[in-house]
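Number 822 marks the last residue of the sequence shown (the working numbering); no jumps. Beta carbons: idealized from backbone N, C-alpha and C, even for Gly. None of these values were measured; they are calculated from a predicted model.
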Amino acid sequence: MHEHATSIHGAVHETFDTDDAVFRALETGATGFLLKDTPPTELLRAVRLAAAGDAMLSPAVTRRVIDRYTAEDRSSRRPAALDELRVLTEREREVLVEIGNGLANGAIATRLHMSEATVKTHVTHLFEKLDATNQVQLAIAAFRAGLVE
Numbered sequence: 674m675h676e677h678a679t680s681i682h683g684a685v686h687e688t689f690d691t692d693d694a695v696f697r698a699l700e701t702g703a704t705g706f707l708l709k710d711t712p713p714t715e716l717l718r719a720v721r722l723a724a725a726g727d728a729m730l731s732p733a734v735t736r737r738v739i740d741r742y743t744a745e746d747r748s749s750r751r752p753a754a755l756d757e758l759r760v761l762t763e764r765e766r767e768v769l770v771e772i773g774n775g776l777a778n779g780a781i782a783t784r785l786h787m788s789e790a791t792v793k794t795h796v797t798h799l800f801e802k803l804d805a806t807n808q809v810q811l812a813i814a815a816f817r818a819g820l821v822e
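The structure is reproduced here in structure tokens:
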């Protein structure tokens with residue numbers, strides 16, 4: 674990525690110039706990435722989402738993440754990724770799929786016919802079971818396992 678992007682990881686903001694750094698940061702817990710030209714209202718929204726434990730990716734960054742993982746040979750990683758998901762209940766797996774599809778907790782609750790509090794409980798279990806710190810990492814896990822395309 675040649676544009677500069679801002680990483681939101683708690684209160685830490687860093688600038689990265691390459692896609693590899695963006696992907697490493699997402700895999701290790703960055704809550705989101707925004708391009709430097711992000712409007713102030715979107716920046717404030719991203720900070721609020723990060724504080725709430727949700728993720729926010731700039732559309733251009735999201736496209737790059739999708740393109741990168743689509744281009745890579747996932748077939749060799751998929752069995753190991755699926756194996757990591759064996760610890761999940763069926764309902765946790767359903768929530769993980771919806772996170773992988775980019776849905777927020779409220780939308781997941783509506784789609785899966787449960788309360789938002791129940792979704793949050795499942796998300797907490799997913800964090801614990803998959804050793805993740807945010808929903809971006811959960812979405813990556815779902816993608817790697819082939820649960821979402």
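Annotated three-state conformation of G705 is strand, per DSSP. Residue pairing of L722 in beta bridges, as defined by DSSP: absent, with no partner found. If the five residues before and after S788 are omitted, its C-beta is found closer than 7 Å to the C-beta atoms of A782, all from its own chain and listed in chain order.
Distances from the alpha-carbon of L708 to those of L803, E700, A719 and A815 put A719 closest.
Annotated as proximal: V768 and V796, with beta-carbon spacing under 9 Å. As computed with DSSP, L730 is found in a beta bridge with F706.
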